[in-house]
Amino acid sequence: MPAQETSHAAFPTLLLLLPFLSALVLLLGHRILKGAGVFLSLFSAATCFVVSVLMLGSTNPAETVHLLPFLEIGKFRFAIDALLDQQCRGMLFIVTSIGLLVHIFSLGYMKEDAGRVRFFGALSLFMFSMTGIVLAGNLIMMFIFWELVGVSSYLLIGHWYEKPSAAEASKKAFLTNRIGDFGFMIGILMLFSANHGNVSFAGEDGLRAALTGGTLQHIAQTQGNFMSIAVLCLFMGAVGKSAQFPLHVWLPDAMEGPTPVSALIHAATMVAAGVYMLVRVAFLIEAAPAAAQTIAWIGGITALMAALMATQQNDIKRVLAYSTLSQLGYMVMAVGLFAMQHAGAHQETVPGHPAMFHLYTHAFFKAMLFLGAGAVIYSCHHEQDMWKMGGLMKHMPVTFATFAIGTASLMGVPFVTSGFWSKEAILGVAFEVKGGSPLFWIGVATAMLTAFYMTRLFVVAFLGKPRSDSAHHAVEAPMVMLLPLLVLALLTLVSAVPGVTHLLEAMKPHHAEEHATVMVASIAALLIGAGGAFRLYRARDKDPVSITLFANKFYFDEIYAVLVRVLQDSLAWIIAGLDRLIVDGLFSRLPAFVARRAGAAARVLQGGHLQAYTFLLGLGVLLVIYVVVFVLPAPGH
Amino acid sequence: MPSLLFYLFALITLGFGLMVVLARNPVTSALSLAMSFVGLAALFLSLDAYFIGIIQILVYAGAVMVLFLFIIMLLDIKSEEGKSFNLKAIVGGVVLAAVLAVQIAAVASSYGPGRTNLAEARLDLPAAAEYTKLPTIANDLRAGTLPDAKLVGQSLFQRYGFHLQVIGLLLLVGTVGVVVLSKREKEVN
Amino acid sequence: MITLNHYLIVSGLLFSLGLAGVVARRNILIIYMCLEMMLSAANLTLVAFTRFHVTDGLPDFTAQSLVFFTITVAAAEVAVGLAIIVALYRTKRSVETESVTQLQG
Chain A
1 MPAQETSHAA
11 FPTLLLLLPF
21 LSALVLLLGH
31 RILKGAGVFL
41 SLFSAATCFV
51 VSVLMLGSTN
61 PAETVHLLPF
71 LEIGKFRFAI
81 DALLDQQCRG
91 MLFIVTSIGL
101 LVHIFSLGYM
111 KEDAGRVRFF
121 GALSLFMFSM
131 TGIVLAGNLI
141 MMFIFWELVG
151 VSSYLLIGHW
161 YEKPSAAEAS
171 KKAFLTNRIG
181 DFGFMIGILM
191 LFSANHGNVS
201 FAGEDGLRAA
211 LTGGTLQHIA
221 QTQGNFMSIA
231 VLCLFMGAVG
241 KSAQFPLHVW
251 LPDAMEGPTP
261 VSALIHAATM
271 VAAGVYMLVR
281 VAFLIEAAPA
291 AAQTIAWIGG
301 ITALMAALMA
311 TQQNDIKRVL
321 AYSTLSQLGY
331 MVMAVGLFAM
341 QHAGAHQETV
351 PGHPAMFHLY
361 THAFFKAMLF
371 LGAGAVIYSC
381 HHEQDMWKMG
391 GLMKHMPVTF
401 ATFAIGTASL
411 MGVPFVTSGF
421 WSKEAILGVA
431 FEVKGGSPLF
441 WIGVATAMLT
451 AFYMTRLFVV
461 AFLGKPRSDS
471 AHHAVEAPMV
481 MLLPLLVLAL
491 LTLVSAVPGV
501 THLLEAMKPH
511 HAEEHATVMV
521 ASIAALLIGA
531 GGAFRLYRAR
541 DKDPVSITLF
551 ANKFYFDEIY
561 AVLVRVLQDS
571 LAWIIAGLDR
581 LIVDGLFSRL
591 PAFVARRAGA
601 AARVLQGGHL
611 QAYTFLLGLG
621 VLLVIYVVVF
631 VLPAPGH
Chain B
638 MPSLLFYLFA
648 LITLGFGLMV
658 VLARNPVTSA
668 LSLAMSFVGL
678 AALFLSLDAY
688 FIGIIQILVY
698 AGAVMVLFLF
708 IIMLLDIKSE
718 EGKSFNLKAI
728 VGGVVLAAVL
738 AVQIAAVASS
748 YGPGRTNLAE
758 ARLDLPAAAE
768 YTKLPTIAND
778 LRAGTLPDAK
788 LVGQSLFQRY
798 GFHLQVIGLL
808 LLVGTVGVVV
818 LSKREKEVN
Chain C
827 MITLNHYLIV
837 SGLLFSLGLA
847 GVVARRNILI
857 IYMCLEMMLS
867 AANLTLVAFT
877 RFHVTDGLPD
887 FTAQSLVFFT
897 ITVAAAEVAV
907 GLAIIVALYR
917 TKRSVETESV
927 TQLQG
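Residue numbers (my numbering), protein chains in the order written: chain A, 1 to 637; chain B, 638 to 826; chain C, 827 to 931.
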């Protein structure tokens, strides 16, 4: 198609500029702009969606578009430039489509909120920064937008800042992310120094070129540890942003934000940014096998641990949050496993990447689940405890149907749902990789647990009898909220169909052979998990199982609190001591003491005694005469 | 003979100078100072500086010493008899003065041109008359006298005219300052 | 014969006497007299140098102008200084240096 061969150079500018302007106008003028402001945000989201659809399916090779020169110091040049390739276009589609749907859903959900213009402003800011991450052609630009995403996430989690828990959660999310970002920055700087200041992904002197025949190749061959550390530092950024163990603690708390935010940011897009970044630098991970293994294991541990925690949560959003954690762990595990599989290959073009594929399917069904949960919460007058719901099937049939599709997809119901295919792809890689079998069984166990807790949630919230007044009087959500649900349900069903994946550039991996073991294991896990939960929770009024360890999230928050208290307090004690000793003592008190002592000594001279003054004056004169006449050589000699 | 006079007047100058420092009664000090200045004026005369010598007697021994005596009488300052010595100050002063004297003596004795005597530095008045432009000075020189008042005046008014004006201003300021300082402030009393 | 050095040494001794008096004595009036002595000693040096620096058959009278200036300034200084001493005596009832020790650090 020749029409699509034309360059999309103008599109990235549009994609970044529109949400930016919208965010600027709304955030600065949200007190002046009353309700009308939200349509500006909606308009920008819709335009971005159209633009990203137009960009889909291009057969152009990867193309770098220079947007803005940013910094020039001597030879070092850093520019805001966009790298348009298949991965970028696919991710753009996910971000803008879900972004648009969440905007529409929020019209209904946030209808009565006083700060909704502010909310939409922050949403636009998020769209701006997320688009920036997706477009980023180099690591520094990605880092800038990475931080911006953190800011918008902070703003959105803390949207109801009057609530102490929301304010606390936003702070926690931001600070936890900062820890990861610190590592990310170190990783970027390491690559920056190794590759002489160029941290572009593509391009002549970019990281990929350097790895296939430049400075980085030499380093990777001679100093494997350097590459491993650099990659692990980059991974730390992903650990923070994608809430991997041990920095996962912020994501469940982030559910304090409005539910559409949870759907967009803390389920579908922002938390996936870490995975997206890892896939972007997959070629680096492949060059560092030790790092790849670590990444895979961290992902596996997160997946299993989060799934265990999810089985004992009662808040409908928290169950979904832990499930998100678990699925993100899956994706990260896939990144690691895939890198192990392709170690040293340095492919020029990334073929279908299982992590990207799972990211893609997961984004749709998880966003839908969250929006569905949002609809339920909205209808039950902001009731979030699933034990106070029940029997919603009759009251909210459309929500029920879409939620069922999402649940099925998350559990991986074979053949009809997209989640099944992407999960299969990951498990397939784990099965094939040498040394991946423990991770394979972790994956299967996680799949079983996923089926278990999703069935539990579904059975408790939608089936049975209403267990509270608000559940009893629940009515179907308004059309503006149902529409996004329906669209997402459709996408969930069709997104793994080969034709659609190709069209949406989902990077679906093309497996030559389906492994029977994988298939059987995952179907068995589904059956055991779902069946067990169905038998256990059907027609129950309260949780028959109580495992405090899981309910209390393995006591991570408590452990961290103690760690922070012990470490930080002792560190603060030491630093305070040093401060008192060195800064106060050496740099402030000592000079003051010396000056005071010198002053006191000099004071003696200023005794007010006229005769002492004249004596000193005379002494000075004598000294001068002595030096000039008897010490210095006579003039002229 | 001239050298005898020099030693005599040098002795007068230094002896009365010592009296100024040692005397316990301020009036004795003041009168000794006057005598010391007279000796000094005589030394000036021996150096052929008649005008400066006369000025020294008129201004110092006359006006300034009268002023000192007047103030001593006005304030009715008693002699310091019976008062303890400030030993530290005395030792300091004596040591300082001694060291200074030694230094000056060392410098002077090693100063080569200082060994010329008065006979060697002879004045040649008729020759000087040839160089002088002012007739009155030239006439005096030819007559064999040294018109040093005229010569100082010539130097003052020809070379240092501006400086003379400044000195005049200084005296005016000094006069005004003395009046201001001497005025009793009514608020204080 | 009397040489320039004789005059210079007399002048130096007079100056040293003055310095000793300034440092050793407590009576401000006496200190003042000693200061005058030191000034006069300087004058003697100047005049001696003029006499021994013969140009065109005459002493160098420029330095004698300087002596004239010195005497004038000394006179003015004595007038102002004595006025200050009178003012001091009015407030302190004393002309001893021990009575003026307020100017201390």
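Built from N, CA and C at the ideal position, the CB exists for glycine as well.
In this text, all values refer to a predicted model and were calculated from it rather than measured experimentally.
By the neighbour-count definition (other C-beta atoms within 10 Å, threshold 16), B:Glu757 is an exposed residue.
Just measuring C-alpha positions, the residue of A:Gly618, A:Ala254, A:Ala451 sitting nearest A:Gly529 is A:Ala451.
With respect to the C-alpha of B:Gly781, the residue from C:Met827, C:Val848, C:Arg877, C:Leu884 having the closest C-alpha is C:Leu884. Across the set A:Ile377, A:Pro397, A:Ile405, A:Ser326, the C-alpha of A:Ile405 shows the shortest separation from the C-alpha of A:Met368. Spatial neighbours of B:Pro784 in its own chain (CB-CB distance under 6 Å, excluding positions within 5 residues in sequence) are listed in chain order as Ile774, Asp777. Residues of the same chain with a CB within less than 6 Å of the CB of A:Gly436, apart from the 5 flanking positions on each side, are Leu337, Ala430 in chain order.
In chain order, Leu83, Gly137, Asn138, Leu207, Arg208, Arg280 place their CB closer than 7 Å to the CB of A:Phe201, counting only its own chain and leaving out the 5 sequence neighbours on each side.
The beta carbons of A:Gly197 and A:Phe76 sit about 5 Å from each other, so the pair counts as a contact at 8 Å. Here the C-alpha atom of A:Ala46 lies approximately 18 Å from the C-alpha atom of A:Val134. It is roughly 17 Å from the alpha-carbon of A:Val629 to the alpha-carbon of B:Ala735. With respect to the C-alpha of B:Ala726, the residue from C:Met827, C:Arg851, C:Ile828, C:Gly844 having the closest C-alpha is C:Arg851.
A:Asp81 is bridged by DSSP to A:His66. Inter-segment contact for the segment 87 to 105 of chain A and the segment 164 to 172 of chain A is absent: fewer than three beta-carbon pairs are separated by less than 8 Å. From the beta-carbon of C:Leu845, the residues of chain A found nearer than 9 Å are Thr614, Gly618, Val621. For A:Asp569, the enclosing alpha helix (DSSP H) starts and ends at 569 to 578. Residue pairing by DSSP places A:Phe76 opposite A:Ile73 in a beta bridge. Contact of A:Gln611 with chain B by beta-carbon distance below 9 Å involves Asn723, Lys725, Ala726, Gly729, Gly730. For the 9 Å CB-CB criterion, A:Gly183 and A:Cys233 form a contact. When beta bridges are read from the DSSP output, C:Glu922 appears opposite C:Asn853.
At a Cβ-Cβ threshold of 9 Å, A:Phe440 and A:Leu427 count as neighbours. By alpha-carbon distance to A:Ala447, the top candidate from A:Asp469, A:Leu304, A:Pro484 is A:Leu304.
Contact of B:Leu659 with chain A is not assigned, every C-beta pair being separated by 9 Å or more. Of the residues assessed, B:Ile709 falls on the buried side of the cut-off, its CB having 16 or more other CB atoms within 10 angstroms. Inter-segment contact for the segment 258 to 272 of chain A and the segment 140 to 156 of chain A is present: three or more beta-carbon pairs are separated by less than 8 Å.
DSSP, read as helix, strand or coil, puts C:Leu884 in strand.
Nearest to B:Leu645 by alpha-carbon distance, out of B:Gly749, B:Val675, B:Ala700, is B:Val675. Think of a sphere of 7 Å around the beta carbon of A:Val628: no beta carbon from chain B falls inside it, the nearest being about 10 Å out. Comparing C-alpha distances from A:Ala194 to each of A:Thr176, A:Ala334, A:Thr215 shows the shortest one belongs to A:Thr215. Think of a sphere of 7 Å around the beta carbon of C:Met827: the chain B residues whose beta carbon falls inside it are Ser640, Asn754, Leu755, Ala756, in chain order. Using a Cβ-Cβ cut-off of 9 Å, B:Gly811 counts as an interface residue toward chain C, since at least one Cβ of chain C sits closer than that to its own.
Any Cβ of chain C closer than 9 Å to the Cβ of B:Pro663 would place that residue at the interface, and such an atom is present. The beta carbons of A:Thr361 and A:Ser228 sit about 31 Å from each other, so the pair does not count as a contact at 8 Å. Shown here, B:Ser666 sits in a helix according to DSSP, grouped into three states. Excluding its 5 nearest sequence neighbours in each direction, A:Lys542 has C-beta neighbours in its own chain below 8 Å: Trp387, listed in chain order. Judged by DSSP in its simplified three-state form, A:Ser153 adopts helix. Distance check between A:His473 and each of A:Cys380, A:Met481, A:Leu21 places A:Cys380 closest, using alpha-carbon atoms only.
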